[in-house]
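> Can you read through this structure? Questions will come right after.
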Amino acid sequence: SSPLIPLNTAAHLRRHKITRKGFQLTILVCGRSGTGKSTFINTLCDTDIATTPEKTTEITVRNRKIELGESDGTIISLSIVDTPGFGEHIDNSGHAETIVKYLESQFDSVLQEETRVRRNPKFEDNRVHVCLYFLSPSPRGLNELDIETIQKLAARVNVIPVVGKADTMTDKELLSIKSSVMENIESHNLPIFTFNYDLDNNYDQTEENDALREMLPFAVVGANTIYQVNDEFFRGRRYPWGFVQVENPMHSDFIALRSVLFGSHIQDLKDSTLDIIYEKYRTEKLSKDPQ
Ligand code: GDP
Numbered sequence: 002s003s004p005l006i007p008l009n010t011a012a013h014l015r016r017h018k019i020t021r022k023g024f025q026l027t028i029l030v031c032g033r034s035g036t037g038k039s040t041f042i043n044t045l046c047d048t049d050i051a052t053t054p055e056k057t058t059e060i061t062v063r064n065r066k067i068e069l070g071e072s073d074g075t076i077i078s079l080s081i082v083d084t085p086g087f088g089e090h091i092d093n094s095g096h097a098e099t100i101v102k103y104l105e106s107q108f109d110s111v112l113q114e115e116t117r118v119r120r121n122p123k124f125e126d127n128r129v130h131v132c133l134y135f136l137s138p139s140p141r142g143l144n145e146l147d148i149e150t151i152q153k154l155a156a157r158v159n160v161i162p163v164v165g166k167a168d169t170m171t172d173k174e175l176l177s178i179k180s181s182v183m184e185n186i187e188s189h190n191l192p193i194f195t196f197n198y199d200l201d202n203n204y205d206q207t208e209e210n211d212a213l214r215e216m217l218p219f220a221v222v223g224a225n226t227i228y229q230v231n232d233e234f235f236r237g238r239r240y241p242w243g244f245v246q247v248e249n250p251m252h253s254d255f256i257a258l259r260s261v262l263f264g265s266h267i268q269d270l271k272d273s274t275l276d277i278i279y280e281k282y283r284t285e286k287l288s289k290d291p292q
């Protein structure tokens, strides 16, 4: 099935009355180490900001304001939150909790700020809008650690499942991985991001959203090298038989994921973080611990 790509970005941005001022978006990447997270982030930002922290259980926040100018004039200032790649440590049990604790502490800061009499003009809202969960590609789909981690994370952040290094699998393998992953997600009722959040209940993008859901998990290729063939420059990976081009929809879902993050769904990701996920946390917290 050929991927249908949501390219109606400009219209979507207008619908949300976004001006040239632009957006701020915070993305958290997590998953087993070696699954292609850092390379993907560098590809996404067209720079070298990411290196996955290893041998540490600390969560490293990379809050460099990288500004991406989109072709429609929008400016996106991006914060990337890196997490230590799990899997290589013997004990992964605390991994999800470490990330959840980080997510909640960002909520707590906002909650505190909201209840201040005098607002801090320099307050930085570091709530995470989306978690890209990098799966280890396996024909069996998700493993128990994935299921447990996604379950915990999804209560505190929009989770989008991703399979990296898509070029290392055949089309057939990829399809089978995708379908096993989605079967697991459905059978365990994992509340991943569904692409149909709309504050006004306007489900006017059904076809686009259905197409995106069909694509899940996004299978991406990352590359640090730019090649030139004739007059064309592209990020890609070179093989004896030719090139894999990151941005070629026949080769990977990179462009689809990029347009979800920076275009079609940026506002939905932010709205659902603030209006649903944060609100739920706030209610839980305040009813448990009345101030
Ligand atoms: P991380 O530990 O999840 O951050 O993974 P890295 O981004 O450091 O990638 C681990 C290794 O996989 C490196 O050798 C990368 O060059 C390689 N790699 C990353 N992305 C891709 C990809 O899309 N395709 C292929 N074939 N290799 C990749």
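Residues in the sequence shown are numbered from 2 upward in steps of one, following full-length UniProt numbering.
Every residue, glycine too, gets a C-beta built ideally from N, C-alpha and C.
1. Note down, one range per segment and in chain order, each alpha helix (DSSP H) of at least 4 residues found wholly within the region 125-179.
2. Just confirm the distance between the C-beta atoms of I100 and L154, as a whole number of angstroms; I'd bet it's less than 8 Å.
3. Using the Cβ count rule (16 or more neighbours within 10 Å means buried), how would you classify I267?
4. Have a look at S265, R128, G23 and flag the residue whose alpha-carbon is nearest the alpha-carbon of residue 293.
5. Could you please give me the residues that DSSP links to residue 1 through a beta bridge?
6. So what does A212 bridge to, in DSSP terms?
7. Using the three-state DSSP reduction, which class does T27 fall into: helix, strand or coil?
8. Is any non-hydrogen atom of the ligand GDP found closer than 7 Å to the C-beta of K38, if you look at the structure I gave you?
9. Using 8 Å for Cβ pairs, my map puts D254 next to V221. What's the rounded Cβ distance?
10. If contacts are defined as beta-carbon pairs under 8 Å, then Y236 and T44 qualify, I think. What distance do you get, rounded to the angstrom?
11. Ordered along the chain, which non-local residues of its own chain (more than five positions away) have a Cβ less than 6 Å from that of G37?
12. Where do the N-terminal and C-terminal ends of the alpha helix (DSSP H) with I256 fall, by residue?
13. What three-state label does DSSP hand D83 in the structure shown?
14. Looking only at DSSP bridge pairs, what is Q268 linked to?
15. Please determine, among E209, T150, D211, D168, the residue with the shortest C-alpha to C-alpha distance to L191.
16. To the nearest whole angstrom, what separates the beta carbons of G32 and G86, a pair I think is in contact under 8 Å?
17. What are the boundary residues of the alpha helix (DSSP H) that V221 is part of?
18. Assign E68 to one of three DSSP states: helix, strand, or coil.
19. Opposite S110 in the DSSP bridges: which residues?
The answer reads as follows:
1. Whole alpha helix (DSSP H) segments, 4+ residues: 145-155.
2. Correct: roughly 6 Å between the Cβ atoms.
3. Buried, by the Cβ-count rule.
4. Coverage of the chain is limited to positions 2 through 292, which leaves residue 293 absent and any answer about it impossible.
5. Only positions 2 to 292 of the chain appear in the structure, and residue 1 is not among them; the question remains open.
6. As DSSP reads the structure, A212 sits in no beta bridge.
7. The three-state reading of DSSP puts T27 in strand, counting E and B together.
8. For the ligand GDP, a non-hydrogen atom lies closer than 7 Å to the CB of K38.
9. The C-beta distance from D254 to V221 rounds to 6 Å, short enough to meet the 8 Å contact threshold.
10. In the sequence as displayed, the identity of residue 236 is Arg instead of Tyr. Contact between R236 and T44 is confirmed by a C-beta separation of about 6 Å, below the 8 Å threshold.
11. Taken in chain order, the residues that qualify are G165, K166, G223.
12. Boundaries of the alpha helix (DSSP H) harbouring I256: 255-260, taken from the DSSP string.
13. In the structure shown, D83 sits in a strand (DSSP, three-state: E or B).
14. None, per the DSSP bridge assignment.
15. When each option's Cα is compared against that of L191, the closest is T150.
16. About 7 Å separates the Cβ atoms of G32 and G86, confirming a contact at the 8 Å cut-off.
17. V221 -> no alpha helix (DSSP H), and no H or E assigned at all.
18. The three-state secondary structure of E68, taken from DSSP, is strand.
19. The partner list for S110 (beta bridge, DSSP) is empty, contrary to what the question assumes.
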